Amino acid sequence: MTGIQLPNGIQVFERGWLSSNNILFIGAQSSALVDSGYSTHAELTTGLVSAALQQGPLDLLLNTHLHSDHCGGNAVLQGNYPELQTLIPPGHASLVSSWDPVALNYVPSGQHCPRFKFDGLLLPGTEIQLADTAWQIHAAPGHDPHSVILFEPQSQTLISADALWEKGFGVVFPELEGDAAFDEVAATFDLIERLDPCWVIPGHGPVFRYRAEVLAYARARLNAFVKSPDRHAHHAVKVLLKFKLLDQQQLPFADFVDWAANTRYFQLIHQRFVPSVPIDRWMEQLTQELVRSAAARREGDMVYNA
Numbered sequence: 001m002t003g004i005q006l007p008n009g010i011q012v013f014e015r016g017w018l019s020s021n022n023i024l025f026i027g028a029q030s031s032a033l034v035d036s037g038y039s040t041h042a043e044l045t046t047g048l049v050s051a052a053l054q055q056g057p058l059d060l061l062l063n064t065h066l067h068s069d070h071c072g073g074n075a076v077l078q079g080n081y082p083e084l085q086t087l088i089p090p091g092h093a094s095l096v097s098s099w100d101p102v103a104l105n106y107v108p109s110g111q112h113c114p115r116f117k118f119d120g121l122l123l124p125g126t127e128i129q130l131a132d133t134a135w136q137i138h139a140a141p142g143h144d145p146h147s148v149i150l151f152e153p154q155s156q157t158l159i160s161a162d163a164l165w166e167k168g169f170g171v172v173f174p175e176l177e178g179d180a181a182f183d184e185v186a187a188t189f190d191l192i193e194r195l196d197p198c199w200v201i202p203g204h205g206p207v208f209r210y211r212a213e214v215l216a217y218a219r220a221r222l223n224a225f226v227k228s229p230d231r232h233a234h235h236a237v238k239v240l241l242k243f244k245l246l247d248q249q250q251l252p253f254a255d256f257v258d259w260a261a262n263t264r265y266f267q268l269i270h271q272r273f274v275p276s277v278p279i280d281r282w283m284e285q286l287t288q289e290l291v292r293s294a295a296a297r298r299e300g301d302m303v304y305n306a
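Going by full-length UniProt numbering, the residue at position 134 of the sequence shown is 134; the numbering climbs one at a time, nothing skipped.
What follows is the structure, given as structure tokens:
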């Protein structure tokens, strides 16, 4: 991150695409972590945090949203730090309290998230102290209807989660459910443009300097999806397949097909966009596309992450 000037007390653990980035804040009086990664990486997340804190306590855990790659490490961190306080966006609080993995979209997306608790809410329109600095909490619906982003106005640093990456943004999951959400993505882009950040810490990928062309690229990509929702659905299903490969690394093609056939998001996309194509043939086509783009490797009956 040469040349990047983030506020004092921040360390960014850039992770692979299976886990979200983790942002650690170390202040004079307390420490905090934004997002905890995927469950299979939880021990690594804990190791990174523990080493950075030099065996000191982790006081606060914040989740920008409750997708499994951002909160899958919550349970392990809570077990390792018994006094840890966890804050989540308000929209899914009741589902976390009752623990409904279907409504929380872990089962529909074919992903896993161990049960965790929360102690308070990240309320949009308020501020929170992180590393002795006040950060604004803003609602950022679109990718997830209840996602938040964090902004520090003095350094103009934005924690954008999956609302904006240097090359695009996260899958708009409500659209896969048949709920209109592309307008919410556009409104979140408008918010980011008004905030006019200098530095962006995304949910995935390296920290980057904000530039007008970054948002222009994201808007162009969104407009393409608005004009062709099937293009967005096709992109989404390949993202979910790649996530499965990142998680498993390798599996028989028959198991790949079986997993997709029993995963609700695949069923929804299949029924809405390609109902005439048998799911095994559709999966063959999608796997071939992943192989052509060097995102997967196929050897006989096996599919490998690449």
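Don't be surprised by glycine CBs; every beta carbon is placed ideally from N, CA and C. In this text, all values refer to a predicted model and were calculated from it rather than measured experimentally.
For residue i, the residue or residues it bridges with in DSSP
{"i": "Val172", "result": "The partner list for Val172 (beta bridge, DSSP) is empty, contrary to what the question assumes."}
{"i": "Thr46", "result": "DSSP output for Thr46 lists no bridge partner at all."}
{"i": "Glu299", "result": "Met302"}
{"i": "Thr157", "result": "Glu152 and Trp199"}
{"i": "Trp165", "result": "Gly168"}
{"i": "Ile10", "result": "Phe25"}
{"i": "Phe182", "result": "Looking at the DSSP assignment, Phe182 forms no beta bridge with any residue, so it has no partner."}
{"i": "Phe208", "result": "Val200"}
Cutoff 7 Å; reference residue i; Cβ partners in own chain excluding five residues on either side
{"i": "Asn8", "result": "Ala131"}
{"i": "Leu286", "result": "Val237, Lys238 and Leu241"}
{"i": "Ala139", "result": "Pro124 and Val148"}
{"i": "Trp17", "result": "His204 and Leu246"}
Neighbourhood of residue i by C-beta distance below 8 Å, restricted to the same chain and skipping five residues each side
{"i": "Met1", "result": "Any answer about Met1 is weak, because its pLDDT of 48 lies below 50 and its placement is not dependable; what the coordinates show is given next. Excluding positions up to five away in sequence, the list reads Val12, Pro206 and Val207."}
{"i": "Met239", "result": "Note that residue 239 is Val in the sequence shown, not Met. These residues qualify, in order along the chain: Val171."}
{"i": "Ile128", "result": "Leu62, Leu87, Leu122, Ala134, Trp135, Ile137 and Leu150"}
{"i": "Glu43", "result": "Val76"}
Own chain residues within Cβ distance below 6 Å of residue i, not counting five before or after
{"i": "Arg298", "result": "Val291"}
{"i": "Asp59", "result": "Ser30 and Ser31"}
{"i": "Leu158", "result": "Phe151, Pro197 and Val200"}
{"i": "Phe266", "result": "Ala260"}
Distance between beta carbons of residue j and residue i, contact taken as under 8 Å
{"i": "Lys244", "j": "Gly110", "result": "6 Å"}
{"i": "His264", "j": "Pro101", "result": "What sits at residue 264 in the sequence shown is Arg, not His. About 12 Å separates the two Cβ atoms, so there is no contact after all."}
{"i": "Asp247", "j": "Thr40", "result": "6 Å"}
{"i": "Met283", "j": "Ala260", "result": "6 Å"}
{"i": "Glu175", "j": "His234", "result": "At roughly 12 Å, the Cβ-Cβ gap does not stay under 8 Å, so Glu175 and His234 are not in contact."}
{"i": "Glu83", "j": "Pro57", "result": "7 Å"}
For this session: Could you name each continuous alpha helix (DSSP H) segment of 4 residues or more that falls completely within the stretch 51-139, going from the start of the chain to the end?
Result: 68-71, 74-80 and 93-98
Problem set entry | Touch test, the stretch 157-171 against the stretch 131-148, Cβ-Cβ under 8 Å, three pairs minimum | yes
Exercise. Taking three-plus beta-carbon pairs below 8 Å as touching, is the stretch 213-224 in contact with the stretch 268-288?
Worked result: no
Exercise. Are the stretch 226-240 and the stretch 194-205 in contact at 8 Å, needing three or more beta carbon pairs?
Worked result: They do not touch, by the three-pair rule.
Exercise. Taking the runs of the alpha helix (DSSP H) that are 4 residues or longer, which of them lie wholly in the stretch 211-292?
Worked result: 212-227, 229-248, 253-261, 264-273 and 279-292
Problem set entry | In chain order, each beta strand (DSSP E) run of at least 3 residues that lies wholly inside the stretch 16-45 | 22-26 and 31-34
Exercise. Can you find at least 3 beta carbon pairs, one from the stretch 25-35 and one from the stretch 115-122, that sit closer than 8 Å?
Worked result: no
Exercise. Counting pairs of beta carbons, one from the stretch 82-101 and one from the stretch 55-68, are three or more of them closer than 8 Å?
Worked result: yes
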